[in-house]
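Trainee:
Residue numbers (the working numbering): 196 to 346.
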């Protein structure tokens, strides 16, 4: 399957690894995953290693699982480090967010509110070099200020 960043592009930027197929939904197009071993793999690009960013997704979880559910992660080219990530916390529906700040310090925390099961949820995290914000369904859920030397 070809996933492209714009409709005019014929360049493949991601590969779907799945036994399931994509589905057309009210949201136009969506990918349906079985929660076991499906994912989209995007080759490493330094353009995706972000310092100031907004990362967002629409997700529709259908069950609470007992293990970490990665939603969006940017791994290093060697697969041993992470630039940023959004995960569903085991045995609950809160979001765990993690990112490497502009000073090379790992920052992480958890959402206050939980995702809604069997509903579309919009999640977004933003970071401008000093302030981190996490939004759930368009509402600010968590805001954190960072500066060099914070732990």
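Glycine included, each C-beta is placed from N, C-alpha and C at the ideal position.
Should the segment 328-336 be called in touch with the segment 255-264, which here means at least 3 C-beta pairs below 8 Å?
Mentor: Not touching, per the Cβ criterion.
Trainee: For residue 241, which of helix, strand or coil comes out of DSSP?
Mentor: Along the chain shown, one-based indexing puts residue 241 at 46. Residue 241: helix per DSSP, three-state reduction.
Trainee: Can you give me the C-alpha to C-alpha distance between residue 327 and residue 231, rounded to a whole angstrom?
Mentor: By one-based count along the chain shown, residue 327 stands at place 132. By one-based count along the chain shown, residue 231 stands at place 36. If you take the alpha carbons of residue 327 and residue 231, they lie about 31 Å apart.
Trainee: Need the endpoints of the beta strand (DSSP E) that residue 269 sits in, please.
Mentor: For the purposes of this step, residue 269 is taken as the residue at position 74 of the chain shown. 264-270 is the extent of the beta strand (DSSP E) around residue 269.
Trainee: Could you check which residue in 267, 251, 284, 278 has the C-alpha nearest to that of residue 241?
Mentor: On the chain shown, position 46 is the one that residue 241 refers to. When only C-alpha atoms are compared, the closest one is 278.
Trainee: Report the rounded CA-to-CA distance for residue 285 versus residue 229, giving the unit in angstroms.
Mentor: The sequence position of residue 285 within the chain shown is 90, counting from 1. The sequence position of residue 229 within the chain shown is 34, counting from 1. Those two C-alpha atoms are separated by around 16 Å.
Trainee: Please state whether DSSP places residue 299 in a helix, a strand or coil.
Mentor: Numbered from its first residue, the chain shown carries residue 299 at position 104. Three-state result, residue 299: coil.
Trainee: If I'm right that residue 283 touches residue 310 with Cβ under 8 Å, what's the distance once you round it to whole angstroms?
Mentor: Counted from its first residue, the chain shown places residue 283 at position 88. Counted from its first residue, the chain shown places residue 310 at position 115. So it is a contact: roughly 7 Å between Cβ atoms.
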